[in-house]
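No gaps in the numbering here: position 150 of the sequence shown is 150 in full-length UniProt numbering, and each next residue is one more. All C-beta atoms in this analysis are idealised placements derived from N, C-alpha and C, irrespective of residue type, glycine included. To start, the structure under review is shown below, and the notes come after it.
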Amino acid sequence: MTTMAFYKKQHNEKYGVWYPTAITVGQPVATKKVAQRLSAMCTVTYADVMAVLGELPGVMAELMSQGRSVRLDGLGTFRYTLATKGVTNEDEFDFQKQVRAVRVQFVPQREGAQTKGSTSTRGLVPSDIEWMVYDASLEASGGASAGGGTDEGEGGSPL
């Protein structure tokens with residue numbers, strides 16, 4: 001089964017180049033829809049899937065707050081990172097004042113060979129994605145909405 005994703009041309013004025021950027025269409029898929037799909041694919045009921053998915057964020061937060069990373073097979077690894085402000089003098093070091101944000105970093109699982117010079121793929125990235133140019137007229141007619149950007153943040157970066 002081929003999957004379809006969308007992109008649009010993006011201009012980076014700083015570097016003067018055009019590059020493709022991934023576009024998300026419509027609203028995010030809700031947990032209920034994910035639970036329905038998962039229950040249809042296995043012997044677990046919808047209610048059981050919802051119960052597990054409902055508890056997952058709390059369990060992950062608890063484990064990460066213990067200084068651990070959390071690896072979900074087939075998905076990837078989650079861990080806490082800090083956005084901080086540095087100080088020039090060690091005597092001025094104050095964790096509470098320097099931490100601007102606590103973030104969760106997600107690293108998708110790799111599949112395939114992982115030795116130097118070999119090729120591996122990300123578990124969440126199917127090899128048969130068909131990329132289509134995003135048609136902005138779909139958004140104007142109410143059929144779709146654009147969002148997202150690139151994995152490089154807003155505006156992306158040239159390749």
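On the criterion of 16 or more Cβ atoms from any shown chain inside 10 Å, does residue i qualify as buried, or is it exposed?
| i | result |
| --- | --- |
| TYR134 | buried |
| VAL49 | buried |
| ILE129 | exposed |
| ASP151 | Note that ASP151 scores 38 on pLDDT, short of 50, meaning its location in the model is unreliable; the coordinates nonetheless yield the value given after this. Flag for ASP151 reads exposed. |
| GLY155 | Bear in mind that a pLDDT of 41 at GLY155, under 50, signals an unreliable position, so the number given afterwards is only what the model happens to contain. Exposed: under 16 other Cβ atoms inside 10 Å. |
Cα-Cα, which of the options is closest to residue i?
| i | options | result |
| --- | --- | --- |
| LEU38 | VAL52, ILE23 and ILE129 | VAL52 |
| LYS32 | GLY54, LEU124, GLN96 and SER137 | GLY54 |
| LYS97 | ASP91, ASN89, GLU90 and THR84 | THR84 |
| LYS8 | LEU56, ILE23 and ASP91 | ILE23 |
| LEU124 | LEU72, GLU90 and ALA136 | LEU72 |
| SER127 | SER137, GLU111 and ALA136 | GLU111 |
Can you pull the DSSP bridge partners for residue i?
| i | result |
| --- | --- |
| PRO108 | GLY76 |
| GLN10 | TYR19 |
| ARG100 | The partner list for ARG100 (beta bridge, DSSP) is empty, contrary to what the question assumes. |
| THR81 | ARG103 |
| VAL133 | TYR7 |
| VAL70 | PHE78 |
So, under 8 Å CB-CB, residue i and residue j are touching, yes? Tell me the CB distance rounded to an integer number of Å.
| i | j | result |
| --- | --- | --- |
| SER69 | THR77 | 5 Å |
| GLY74 | GLN109 | 6 Å |
| TYR80 | VAL59 | Rounded, the Cβ-Cβ distance is 14 Å, inconsistent with contact. |
| TYR46 | ALA61 | Rounded, the Cβ-Cβ distance is 24 Å, inconsistent with contact. |
Looking at residue i: is its Cβ nearer than 8 Å to the Cβ of residue j?
| i | j | result |
| --- | --- | --- |
| GLN10 | THR3 | no |
| LEU82 | VAL99 | yes |
| VAL25 | PHE6 | yes |
| PHE95 | VAL87 | no |
When every heavy atom of the ligand GTP is checked, does at least one fall within less than 7 Å of the C-beta of residue i?
| i | result |
| --- | --- |
| MET60 | Absence of the ligand GTP is noted for the structure shown, with no ligands found whatsoever. |
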